[in-house]
Amino acid sequence: MEKRQLGQTDVWMSPLGLGTVKFGRTEGVKYPKKFVLPTDQEIIDLLNLSKDLGLNVLDTAPAYGESETRLGPILKSQRKDWVLVSKAGEYFENGKSRFDFSPESIQKSVEDSLHRLKTDYLDVVLLHSDGRDMDVIHGGALEALRAHQKKGLIKAIGMSTKTIEGGLASLDQADAAMVTYNPMHREEAPVLDAALALKKGILIKKAFASGHMEQFAHADPIEYALSFIFSHPAVTSVIVGTINPDHLKHNVSALKKVLSL
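Below, the structure written as structure tokens:
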């Protein structure tokens, strides 16, 4: 699978990435069906399948429960095979999220993620917004990430945003933005337009509406969603969260059809 450059950084990503919230957390998620956490062997098998299918992006976060802790030992011997995307600012404790975007908290969050993932660098770290995008940006959180970037601990920085204003600000001040974009949520298209003009990276979350694909009136809603998303040339990679090997294979098959159009 051909890799795409994340903006002007030296991070090259497969157009599809694997989200890992289901590796570490079952509480407080918005998926339509309940699920159980996979075993370590099931995670290993899914990562091997992902590599075989051409994926090199793993998206995780402190807010994803035990995801980073579980991934660390598995990835230790295959670190160079993966582009690791983590986040900072949101923490999941005692069944609910807690947010802290103080520079001290952001710096410690990155250091803790490095420790849990058993690596000496992260490819991408995004601020994990609570919806108050501009307050987060103005509070010094991006500068805290940039300090670690200058040390070589992070290759690219940005923000997982919830507003158009926040997405634009992230692109203006950092390397990338992660935004919600799918056929039923098109409001953030101006962020993609700005990324194209600025030559910055765009990661897509909730491409399949968190599993609520009945909204996509199409024979193959996966293919329909991916076709819509990749019709915009700014998109670097779409993050899909699944622990089902068949679903992952279907996603890749649909992607190949879309990118060959």
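Letter by letter, the sequence shown follows residues 230 to 490 of my numbering. No residue lacks a Cβ here, since even glycine has one placed at the ideal position from N, Cα and C.
Ranked by Cα distance from Met363, the first of Asp352, Arg299, Gly396 and Lys380 is Gly396.
Contact between the segment 263-278 and the segment 324-336 is absent: fewer than three C-beta pairs spanning the two stretches fall below 8 angstroms. Here Gly396 carries a helix assignment [DSSP, helix/strand/coil]. Its chain contains Ile393, Gly396, Val408, Thr409 and Tyr410 as the residues whose beta carbon lies nearer than 7 angstroms to that of Glu417, once the 5 sequence neighbours on both sides are disregarded; these appear in chain order. The beta strand (DSSP E) runs of length 3 or more contained entirely in the segment 307-364 are, from start to end of the chain, 312-317, 319-322, 325-328 and 351-357.
When the beta-carbon positions are compared, Leu235 and Asp404 come within less than 8 angstroms of each other. Residue environment analysis places His367 among the exposed positions, since fewer than 16 neighbouring C-beta atoms fall within 10 angstroms of its C-beta.
For the 8 angstroms CB-CB criterion, Ser358 and Thr390 form a contact. Within the same chain, Cβ atoms closer than 6 angstroms to the Cβ of Val314 are found at Asp288 and Val353, the five residues on either side in sequence being excluded. In the DSSP assignment, Lys434 forms a beta bridge with Thr409. Between the alpha carbons of Ala373 and Gln336 lies a distance of about 6 angstroms. Around the beta carbon of Gln378, a 10 Å sphere encloses 16 or more other beta carbons of the protein chains shown; the residue is thus reported as buried. If you compare the alpha carbons of Phe321, Thr348, Gly246 and Pro261 with that of Glu443, the shortest gap goes to Pro261. Excluding residues up to 5 positions away in sequence, Tyr453 lie with their Cβ nearer than 6 angstroms to the Cβ of His447 in the same chain. Distance between Ala317 and Val339, taken at the CA atoms: about 7 angstroms. In the structure shown, Lys384 adopts extended strand secondary structure according to DSSP, grouped into three states.
If you check the CB distance, Tyr293 and Phe264 do not come in under 8 angstroms.
About 17 angstroms separates the CB atoms of Thr249 and Ser326; that is not less than 8 angstroms, and the two are not in contact.
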